[in-house]
Amino acid sequence: MESSELDSTDLLTRAVGIVAFGLSIAGFCVISERGTKLLFALSSMAWGLQYYLLGVHTGFLIMLLTGVRQAVTIYSNVMGQRLRLVLVLGFSGLAIAIAVFTWQGWLASSLPLFATLLGTWALFMMGNVGMRKATLATNALWAVHGYLFDSWELCLTMIVINVANLYGLYRLRGATVVP
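Listed below in structure tokens is the structure:
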């Protein structure tokens, strides 16, 4: 592979990461629950594309699942509780299967799994404010994972997203709930 090919691939990978980062931050800066969830879905797909470009197939599969899950949750407020619970169980089962089949060790696989399970519950079963509070915990799990496994990009992203999330929560104080 020529140097220019390597550089263009690396540039594309970094550009996708920048887009994913921007979409992630934007998701916590809007106060609309649907807007937040749509931006979450788009950012997950972008992170998935970056993982694919990096050859990280487990991350690609988890992010693909996460993007689909987040897109489905856009309509969770019009779903009955039974359907939401079935979807929680289904997406959680898929996440567990991905973790089992791609197991890379206790911390390497369990931190993302726990973050995904909590995030799935939060997105389907909690309202906007509760979902954002649960996301503070899921992002902390991802930040620790990034720190432990030398992904400073992931760690930094999760820290910045939590700051943006706190800003969104601040804006929601006393605000009328926006669907």
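For the working numbering, add 2 to where a residue sits in the sequence shown, where the first one is 1.
All residues carry an ideal CB built from backbone N, CA and C; glycine is no exception.
Residue range of the unbroken alpha helix (DSSP H) whose run includes residue i
i, result
"Thr122", "108-127"
"Asn130", "130-150"
"Met47", "35-56"
"Thr75", "59-75"
"Val2", "No information on residue 2 is available, as it lies outside the stretch 3 to 181 that the chain covers here."
Under 7 Å between C-beta atoms of residue i and residue j
i, j, result
"Gly50", "Leu66", "yes"
"Ser26", "Ile163", "yes"
"Thr75", "Phe126", "yes"
"Tyr109", "Leu150", "Reading off the sequence, residue 109 comes out as Leu, not Tyr. In contact: Leu109 and Leu150 (Cβ atoms closer than 7 Å)."
"Ala124", "Ala136", "yes"
"Ala166", "Phe30", "yes"
"Ser94", "Thr68", "no"
"Leu63", "Thr15", "no"
"Val131", "Leu174", "yes"
"Thr60", "Thr104", "yes"
"Arg86", "Ser78", "yes"
CB-CB length for residue i against residue j, believed under 8 Å
i, j, result
"Val21", "Ala48", "5 Å"
"Thr122", "Val90", "6 Å"
"Ala101", "Ser111", "5 Å"
"Gln52", "Gly19", "5 Å"
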